[in-house]
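When the letters of the sequence shown are read in order and numbered with UniProt numbering, they come out as residues 1 to 289.
Each residue gets a CB set at the ideal place from its N, CA and C atoms; glycine is no exception.
Nothing here was measured: the structure is a model prediction, and the numbers come from that model.
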Amino acid sequence: MEQCIVIKYWRCFFLSQLLWLLPACTAPSFSELLAAADTIGNDAGFSRQAIDGGQFSLVSYQKIQSDSQELTVYIEGDGKSLITRTRVSLNPTPHNPLGLKLAAADTVNDNVIYLGRPCHFIATGADPECNPKYWTRYGYSADVVASLSTALDQLKADHGFTRINLVGFSGGGALVMLLAAKRDDITTIRTVAGNLDVAAFTQYHKVSPMSGSLNPADFTDKVQAIPQRHFIGSEDYVVPPQIGHSYLSQAEKTACISLRVIEGATHLSGWLQSWPEYLREPVVCKQRP
């Protein structure tokens, strides 16, 4: 999700993408976006590596500092899905990768990997599987979840990890919930401005339902025993606080679910400086009386 002014997405396309236009600016090239991401990663001690995600080849930034069996994985928001409200982007690589910036700001965990979404940081035309539907209406599809899950399996095999903490920004918040719903190795879940209820999200923005995508709110029973903490910006008008509250209202058991509203935070601002502090907040299930 890009900076500047927010517009409504094209009603037929992936509705978790509010387009941030840059008026009177020249759009950065793919090579510039990749170089900027490399700089963010390199400055924080990460190295860029490709991962086999089955259907998709995925780009990752990795920082492995200990032989701990615990891994923290960050998943990005939806990126640059649209150019205008009626024109789909040919390449969804994010112009402001806040998910990567959060991973780079993680000074709490030893082993941190930023796992790129399908077709993010992949040159246009380089992967025949990169159909625009995967960064529009199929952005949270079973295919996407399966590819990310395959990548997690590969990371575990490569490094010997047995436990995974998931962190997702914006649309990546939806994906970490969907990943956790199908896996049995997730220790904790954190989301930042996460789209936790896709149906509530589309209703809020008065746009068409997202055909082809899964809704995390439909899988609350699968993740209700996993400690999870959802950080919400009080001034976020892209994924407003009621989206998180809608998700919470659909969970039968809520002892492991915590919502944390950050006063003054918007969708893109108010997160990075305090992120290590937020990471230190315990993510645990409340004891039943």
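Return helix, strand or coil for E70, following the three-state DSSP convention.
As a first step, residue 70 is located in the sequence shown; it is residue number 70 there, counting from the start. Strand.
Out of T72, E281, Y278 and G45, which one is the CA nearest neighbour of K156?
Taking the first residue of the sequence shown as 1, we reach residue 156 at position 156. Cα-wise, what sits closest to K156 is T72.
Cα-Cα separation, K133 to S213:
The count along the sequence shown starts at 1 and reaches residue 133 at position 133. The count along the sequence shown starts at 1 and reaches residue 213 at position 213. Each residue's alpha carbon lies about 10 Å from the other.
When the Cα atoms are used, what is the spatial distance from R260 to L268?
Translated into positions along the sequence shown, residue 260 becomes position 260. Translated into positions along the sequence shown, residue 268 becomes position 268. Near 16 Å, if we compare the C-alpha coordinates of L268 and R260.
So who's on the other strand from L115, going by DSSP bridges?
As a position in the sequence shown, residue 115 is number 115, starting the count at 1. Answer is S60 and I75, bridged to L115.
Compute the beta-carbon to beta-carbon distance between D106 and W275, rounded to the nearest angstrom, for a pair I have assumed lies under 8 Å.
Within the sequence shown, numbered from 1, the residue matching residue 106 stands at position 106. Within the sequence shown, numbered from 1, the residue matching residue 275 stands at position 275. Confirmed, about 7 Å.
Heavy atom of the ligand GTP less than 8 Å from the Cβ of A105, yes or no?
Absent from the structure shown: the ligand GTP. Ligands present: none.
Closest to G270 by C-alpha separation, out of G233, I122 and A146, would be which residue?
As a working mapping, residue 270 is identified with position 270 in the sequence shown. Ranking G233, I122 and A146 by Cα distance to G270 puts G233 first.
Those runs of the alpha helix (DSSP H) which lie wholly inside the stretch 113-178 and span at least 4 residues:
142-159
Whose C-beta lies closer than 8 Å to the C-beta of S147 among residues of the same chain, with five residues either side of it excluded?
In the sequence shown, the residue the question calls residue 147 occupies position 147. Around S147: G53, G54, Q55, F56, L58 and P118.
Give me, in chain order, the residues of the same chain whose beta-carbon lies closer than 8 Å to that of T254; leave out the 5 immediate sequence neighbours on both sides.
If you number the sequence shown from 1, residue 254 lands on position 254. Closer than 8 Å at the Cβ level, and outside the excluded window around T254, lie Q224 and L248.
Three-state secondary structure (DSSP) at L259?
Mapped onto the sequence shown, residue 259 falls at position 259. L259 falls in the strand class under three-state DSSP.
In terms of DSSP beta bridges, what is A50 paired with?
Stepping through the sequence shown from its first residue, residue 50 is reached at position 50. In DSSP, A50 forms a bridge with V59.
Would you decide whether Y61 is buried or exposed? Buried here means 16 or more other CB atoms lie within 10 Å of its CB.
Counting from 1 along the sequence shown, the entry for residue 61 is found at position 61. With 16 or more other Cβ atoms within 10 Å, it is buried.
How many whole angstroms separate the CB atoms of T136 and V88, which I take to be in contact at a CB cut-off of 8 Å?
Mapped onto the sequence shown, residue 136 falls at position 136. Mapped onto the sequence shown, residue 88 falls at position 88. About 6 Å; that satisfies the 8 Å criterion.
Can you tell me where the alpha helix (DSSP H) with V223 in it begins and where it stops?
As a first step, residue 223 must be located in the sequence shown, where it is residue number 223. T220 to V223 is the extent of the alpha helix (DSSP H) around V223.
Neighbourhood of P23 by C-beta distance below 6 Å, restricted to the same chain and skipping five residues each side:
By 1-based counting over the sequence shown, the position of residue 23 is 23. Caution is warranted here: a pLDDT of 41 is assigned to P23, below 50, making its placement in the model unreliable, and the coordinate value is therefore given only provisionally. The answer is none, since no qualifying residue turns up.
Can you find the residues in the same chain that come closer than 8 Å, C-beta to C-beta, to T202, ignoring five residues on each side of it along the sequence?
Within the sequence shown, numbered from 1, the residue matching residue 202 stands at position 202. L15, S208, P209 and M210.
For a quick check, are the C-beta atoms of K101 and L272 less than 9 Å apart?
Indexing the sequence shown from 1 puts residue 101 at position 101. Indexing the sequence shown from 1 puts residue 272 at position 272. Result yes, Cβ atoms of K101 and L272 sit closer than 9 Å.
Measure the Cβ-Cβ separation of L33 and H95 and say whether it is below 9 Å.
By one-based count along the sequence shown, residue 33 stands at place 33. By one-based count along the sequence shown, residue 95 stands at place 95. Contact: yes.
Which of the three DSSP states is assigned to Q203 in this structure?
Here residue 203 refers to the residue found at position 203 when the sequence shown is read from its first residue. Helix.
Exposure of N111, with buried meaning 16 or more beta-carbon neighbours within 10 Å
Translated into the one-based positions of the sequence shown, residue 111 becomes position 111. By the 10 Å Cβ count, N111 comes out buried.
Would you give the residue range spanned by the alpha helix (DSSP H) that A86 belongs to?
The count along the sequence shown starts at 1 and reaches residue 86 at position 86. According to the sequence provided, residue 86 is Thr. The question's Ala does not apply to it. Careful: T86 lies outside any alpha helix (DSSP H) and carries neither H nor E.
Would you kindly work out how many angstroms separate the C-alpha atoms of D127 and A199, rounded to a whole number?
Within the sequence shown, numbered from 1, the residue matching residue 127 stands at position 127. Within the sequence shown, numbered from 1, the residue matching residue 199 stands at position 199. Distance between the alpha carbons of D127 and A199 is about 30 Å.
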